[in-house]
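Engineer: Let me give you the structure first, and then I'll get to my questions.
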Amino acid sequence: MSALVAGPPARAAANPTTGELRSISKAITGIVGLRWILWIGLATLFLGDGLWKPYSVGTTQDWRLQAHMTQSSHRSIARYGQFPAWDPYECGGIYGSGNLQNNGSSPTQLLAWIFGLMPGWKIAMLLMFILGLEGGFLYARWLGIDGLGAVLAACAFCFSGRFAQALIDGHPHFLGFLLFPWVVLSLEKGFRDWRWTVLGGLFMAWIFADGGAVSTPMTAMVLLFHTIYFSVCFAVSRDPGPRWFRPPVALAAMALVTALVSAVILLPALSSWAEAPRVWTRPQHFPLPRILGLLFIKPTLGGLIGVGTSYAGELTLGLFLAMLLFRDRLTPQLLVLFVVAVALSTGDHGLFGIYDWQKKLPLFRNLRHPFRYTLFAAFYLALGAGRGLALLEHHLLELVERWSGRAGIATAARGGGDGDASTEGARERAPRWRVALRYPAIVLGLMLVAGLGYLASAEVYRVNRKRVAKVFTVPTPRPFEQPFHQSVGSPHAANVWSAVNLGSLSCIQAQPFPISKELRGDRTSELFLSDPRAGTLRLVEWTPHRIRLDVALAYRTGLIANMNYHRGWRVDHGTVTNYKGLQGATLPKGRYRLTLTFSDPRVNLGMLISLLTLFGIAGFFGVGLCRRWSRRSGSESTLAAGAAIAQVGFESGAVGVPRREDQKEHDRPADEGVRHVGRGADEVQDQPADGDALREGPA
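The following block contains the structure:
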């Protein structure tokens with residue numbers, strides 16, 4: 001059972017490539033700058049008109065809704081300098097922080113603030129793809145899939161059909177799934193170093209804040225099965241390594257960090273869901289052939305669950321099967337988790353009853369469309385394909401070595417014995433023309449492997465990019481400033497109203513927020529007295545979270561606002577009331593300036609917890625970096641001082657000149673003449689390439 005556990009502690013054994021072919025492909029893909037240029041280019045071409053036409057969205061109703069929520073949050077932040085806890089532009093006013101589809105708390109809002117709403121939003125999508133590609137590559141490297149195989153794994157996952165379908169359907173918040181490789185990488189590294197669980201918690205909080213009503217619980221479910229798999233493997237393994245309880249401890253620590261960092265939206269969301277839960281009771285079942293058709297048949301028709309909408313590639317499947325035939329160490333892990341993801345995709349009464357078990361858990365019973373789990377199936381499929389390509393690369397190298405009569409070199413590189421003797425014997429047996437053609441054969445082999453990897457990734461990329469190219473065709477409205485008013489609105493143009501500072505009474509939210517039947521879209525004033533004869537009102541200032549009025553009342557009366565009631569609203573004169581579902585207040589008589597302020601204790605407490613957690617994490621790792629830098633600077637100062645003393649001593653005759661024999665011994669490489677006999681491949685440790693510093697743990 002120890003063979004079921006991939007990655008460290010058997011890091012070198014998981015790396016199948018050896019010799020020159022490995023050094024070429026691994027060295028090229030290990031150049032961070034070159035790799036990021038590749039990621040940026042691929043992601044830019046994949047999004048296409050989404051970037052060339054930044055002021056455009058898709059044609060679906062959900063695209064307008066997502067654009068509206070992003071726009072209303074951006075308006076609160078950029079124009080009014082207020083955290084978007086309350087959204088006055090949708091459904092007559094709803095709880096912004098309690099709406100898990102809203103991305104007002106996402107770090108990507110910073111890009112909208114810097115570059116403008118629509119360009120910043122599109123750059124945020126580009127950033128998610130780039131991070132997904134780099135995360136997929138690094139996780140593949142962590143598993144021992146080096147070189148071209150790691151590139152294939154990253155591309156086959158990030159450009160798979162479910163991400164293309166998310167852009168088609170108008171679900172850009174599903175791009176948070178692109179951060180999944182970072183989360184699972186942090187989880188596995190967290191088995192040995194708890195600091196990685198902090199990084200994983202930060203990425204999970206990002207997924208949650210970026211409209212993660214669906215992506216967060218689905219990611220958590222797959223992580224749970226990931227944890228169970230490793231706990232079982234560690235429990236039955238006889239190899240030295242983490243104990244069986246380390247995976248669940250790492251997962252719990254990651255969940256704690258996620259909850260603390262995202263408390264500003266978690267606390268309001270829990271309150272909102274307790275009052276108005278999102279209920280989905282209709283069973284959904286998808287036969288296994290249909291799920292496999294989503295993954296492996298090229299799309300012909302559209303639709304939410306049309307054939308090929310999760311397309312992951314036929315050649316990708318072929319390379320995955322090649323990994324199974326090689327019986328590699330990674331085979332059990334990737335195969336088991338791939339089967340689990342497919343089983344979850346079959347839904348109610350599906351394969352192994354896994355989805356039925358999931359629906360018994362709180363917060364998971366309201367998930368719908370289980371076929372979305374095919375996204376995770378594509379993830380493990382892509383890793384298996386990358387592993388299969390790396391194994392083909394390895395066996396091709398062995399074939400070249402044997403053909404050229406230098407198999408002894410490859411044997412010695414794997415710790416197979418006396419490399420020098422076997423090499424000399426091979427040279428005597430091999431014809432000179434084969435030895436001369438060895439390097440051209442290696443280059444040809446690399447080209448064949450690169451060509452196969454290109455065909456596999458290009459197939460997925462080309463098919464799904466063609467689908468995305470038809471998405472961004474609807475221009476967004478120009479922003480226009482005017483006094484705020486509620487309007488009837490339309491679900492087919494939801495993003496129009498917040499752009500021109502109008503609220504929309506049309507509501508298409510999946511969560512049943514409380515909405516008053518007294519809302520009107522044709523009132524002359526958004527704030528009025530229940531008894532108009534009692535006095536007058538004059539609007540001084542309106543913002544999403546603060547309204548100021550000059551009030552003159554002859555006697556006590558009520559104030560009514562044309563927006564939904566919420567207990568988070570406060571008044572500095574009188575008391576807050578609920579008037580038939582509308583926000584109201586009982587005002588005393590007199591002349592004064594009245595201020596209505598939205599200040600929800602849950603949002604305030606959550607904001608405090610989130611900020612303290614972020615500052616604590618930054619402070620902890622900042623102190624660690626400073627200490628490391630101080631130790632490094634101190635070491636360099638000590639070395640410099642020692643060199644100066646040695647120089648002075650030499651010049652004054654205090655330090656003698658070494659003998660020639662001693663000098664020769666000093667100049668000899670440390671490992672020269674040392675023969676490592678009896679060391680297997682499991683004991684040979686690879687040195688990390690450029691950009692692989694994440695293997696050593698965070699600062």
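Going by our numbering, the first residue of the sequence shown is number 1, and it counts up by one from there.
Ideal Cβ placement from N, Cα and C applies to all residues, glycine included.
In terms of DSSP beta bridges, what is ASN578 paired with?
Structural biologist: Sequence index remark: in the sequence shown, residue 578 carries index 578 (1-based). The partner list for ASN578 (beta bridge, DSSP) reads GLN583.
Engineer: Alpha carbon to alpha carbon, how far is MET204 from LEU138? Give it in angstroms, no decimals.
Structural biologist: Reading the sequence shown from its first residue, position 138 is the one you call residue 138. Reading the sequence shown from its first residue, position 204 is the one you call residue 204. LEU138 and MET204: Cα-Cα distance of roughly 17 Å.
Engineer: Given a threshold of 16 other Cβ atoms within 10 Å of its Cβ, counted over all protein chains shown, does THR557 qualify as buried or as exposed?
Structural biologist: Within the sequence shown, numbered from 1, the residue matching residue 557 stands at position 557. THR557 comes out buried.
Engineer: Rounding to the nearest angstrom, what Cα-Cα distance links PHE225 and LEU337 in this structure?
Structural biologist: The residue given as residue 225 occupies position 225 in the sequence shown. The residue given as residue 337 occupies position 337 in the sequence shown. Each residue's Cα considered, the two are about 8 Å apart.
Engineer: According to DSSP, what are the bridge partners of LEU475?
Structural biologist: Against the sequence shown, residue 475 aligns to sequence position 475. Before going on, a small fix: residue 475 reads as Pro here, not Leu. DSSP, once it has assigned bridges, lists SER56 as partnering PRO475.
Engineer: Taking 8 Å as the cut-off, decide whether the C-beta atoms of PHE174 and ALA164 are in contact.
Structural biologist: Counting from 1 along the sequence shown, the entry for residue 174 is found at position 174. Counting from 1 along the sequence shown, the entry for residue 164 is found at position 164. No, the Cβ-Cβ distance between PHE174 and ALA164 is not below 8 Å.
Engineer: So which of ASP572, HIS573, ALA552 and LEU559 has the shortest CA-CA distance to LYS580?
Structural biologist: Mapped onto the sequence shown, residue 580 falls at position 580. Closest option to LYS580, Cα to Cα, is LEU559.
Engineer: Could you give the C-beta distance for SER345 and PHE379, rounded to a whole number, given that I count them as a contact under 8 Å?
Structural biologist: For the purposes of this step, residue 345 is taken as the residue at position 345 of the sequence shown. For the purposes of this step, residue 379 is taken as the residue at position 379 of the sequence shown. About 12 Å separates the two Cβ atoms, so there is no contact after all.
Engineer: Would you list the one or two residues that DSSP bridges to GLY558?
Structural biologist: Counted from its first residue, the sequence shown places residue 558 at position 558. Paired residues: THR586.
Engineer: Which first and last residues belong to the alpha helix (DSSP H) in which TRP280 is found?
Structural biologist: The count along the sequence shown starts at 1 and reaches residue 280 at position 280. Careful: TRP280 lies outside any alpha helix (DSSP H) and carries neither H nor E.
Engineer: Can you tell me which of the three DSSP states HIS74 falls into?
Structural biologist: The residue labelled residue 74 in the question sits at position 74 within the sequence shown. If DSSP states are grouped into helix, strand and coil, HIS74 belongs with the helices.
Engineer: When burial is assigned at 16 or more other CB atoms within 10 Å of the CB, is ARG706 buried or exposed?
Structural biologist: Outside the displayed span of the chain (1 to 699) sits residue 706, for which this structure offers no information.
Engineer: Which same chain residues end up closer than 7 Å to TYR592 when comparing Cβ atoms and leaving out the 5 residues on each side of it in sequence?
Structural biologist: For the purposes of this step, residue 592 is taken as residue 592 along the sequence shown, with counting starting at 1. Closer than 7 Å at Cβ, skipping near neighbours: VAL551 and HIS573.
Engineer: Sort ARG567, LEU295 and MET128 by Cα distance to LEU111 and report the nearest one.
Structural biologist: Residue numbering aside, residue 111 sits at position 111 when the sequence shown is read from its first letter. Minimum Cα distance to LEU111 is reached at MET128.
Engineer: Quick check on ASN99: buried or exposed, where buried means 16 or more other Cβ atoms within 10 Å of its Cβ?
Structural biologist: Taking the sequence shown and counting its residues from 1, one reaches residue 99 at position 99. By the neighbour-count rule (16 or more Cβ atoms within 10 Å), ASN99 is buried.
Engineer: Should LEU126 go down as buried or exposed, given a rule of 16 or more other Cβ atoms within 10 Å for buried?
Structural biologist: For the purposes of this step, residue 126 is taken as the residue at position 126 of the sequence shown. Label assigned to LEU126: buried.
Engineer: Going by alpha carbons, who is nearest to VAL261 out of GLY176, PRO107 and GLY120?
Structural biologist: Within the sequence shown, numbered from 1, the residue matching residue 261 stands at position 261. It is PRO107.
Engineer: Going by DSSP, what residues sit across from TRP569 in a beta bridge?
Structural biologist: Against the sequence shown, residue 569 aligns to sequence position 569. For TRP569, which the question treats as bridged, DSSP gives the partners PHE598.
Engineer: In this structure, does DSSP put THR108 in helix, strand or coil?
Structural biologist: Translated into the one-based positions of the sequence shown, residue 108 becomes position 108. DSSP places THR108 in coil when its eight states are reduced to three.
Engineer: Please name the residue, chosen from LEU381, PHE480 and ALA269, that lies closest to VAL339 on a Cα-to-Cα basis.
Structural biologist: Stepping through the sequence shown from its first residue, residue 339 is reached at position 339. Closest option to VAL339, Cα to Cα, is LEU381.
Engineer: Assign TRP542 to one of three DSSP states: helix, strand, or coil.
Structural biologist: As a working mapping, residue 542 is identified with position 542 in the sequence shown. Strand, per DSSP.
Engineer: Compare the Cα-Cα distances from PHE245 to each of PHE230, ALA259, ILE617 and VAL257 and report the closest residue.
Structural biologist: Taking the first residue of the sequence shown as position 1, residue 245 is located at position 245. Taking only the C-alpha atoms, the option nearest PHE245 is PHE230.
Engineer: Compare the beta carbon distance of PHE180 and PRO247 with 8 Å and say whether it is the shorter of the two.
Structural biologist: Residue numbering aside, residue 180 sits at position 180 when the sequence shown is read from its first letter. Residue numbering aside, residue 247 sits at position 247 when the sequence shown is read from its first letter. No, they are not a contact pair.
Engineer: Does DSSP put GLY535 in a helix, in a strand, or in coil?
Structural biologist: Numbered from 1 along the sequence shown, position 535 holds the residue referred to as residue 535. Note: GLY535 maps to strand in three-state DSSP.
Engineer: What separation, rounded to the nearest whole angstrom, lies between the Cα atoms of THR473 and ILE40?
Structural biologist: For the purposes of this step, residue 473 is identified with residue 473 of the sequence shown, where counting begins at 1. For the purposes of this step, residue 40 is identified with residue 40 of the sequence shown, where counting begins at 1. THR473 and ILE40: Cα-Cα distance of roughly 23 Å.
Engineer: Suppose only complete runs of 3+ residues qualify. What are the beta strand (DSSP E) ranges in the segment 504 to 530, listed by chain order?
Structural biologist: Correct list: 527 to 529.
Engineer: Helix, strand or coil for SER487 per DSSP?
Structural biologist: To locate residue 487, count along the sequence shown from 1; it is residue 487. SER487 falls in the strand class under three-state DSSP.
Engineer: I'd like the span of the alpha helix (DSSP H) that includes PHE286, first residue to last.
Structural biologist: Taking the sequence shown and counting its residues from 1, the one referred to as residue 286 is at position 286. Here PHE286 belongs to no alpha helix (DSSP H), and DSSP marks it neither H nor E.
Engineer: Any idea which residues DSSP pairs ASP87 with across the strands?
Structural biologist: Against the sequence shown, residue 87 aligns to sequence position 87. ILE94.
Engineer: Specify the secondary structure class of ILE547 as computed by DSSP and reduced to three states.
Structural biologist: Within the sequence shown, numbered from 1, the residue matching residue 547 stands at position 547. DSSP places ILE547 in strand when its eight states are reduced to three.
Engineer: For ALA552, write down the residues that DSSP places opposite it in a beta bridge.
Structural biologist: Locating residue 552 in the sequence shown gives position 552, where the first residue counts as 1. THR536 and ARG591, per the DSSP bridge assignment.
Engineer: Three-state secondary structure (DSSP) at ASN604?
Structural biologist: Residue numbering aside, residue 604 sits at position 604 when the sequence shown is read from its first letter. Correct three-state label for ASN604: helix.
Engineer: Give the DSSP-derived three-state secondary structure of GLY347 in the structure shown.
Structural biologist: By 1-based counting over the sequence shown, the position of residue 347 is 347. Three-state result, GLY347: strand.
Engineer: Excluding sequence positions up to five away, which residues of its chain have a Cβ less than 8 Å from the Cβ of GLY653?
Structural biologist: As a first step, residue 653 must be located in the sequence shown, where it is residue number 653. Bear in mind that the predicted position of GLY653 carries a pLDDT of just 42, short of 50, making it too unreliable to give a figure here.
Engineer: Alpha carbon to alpha carbon, what distance is there between PHE208 and ASN604?
Structural biologist: Numbered from 1 along the sequence shown, position 604 holds the residue referred to as residue 604. Numbered from 1 along the sequence shown, position 208 holds the residue referred to as residue 208. Taking the straight line from one Cα to the other gives about 19 Å.
Engineer: Give me the DSSP bridge partner(s) of ASN99.
Structural biologist: Residue numbering aside, residue 99 sits at position 99 when the sequence shown is read from its first letter. BP columns for ASN99 are empty, so no partner.
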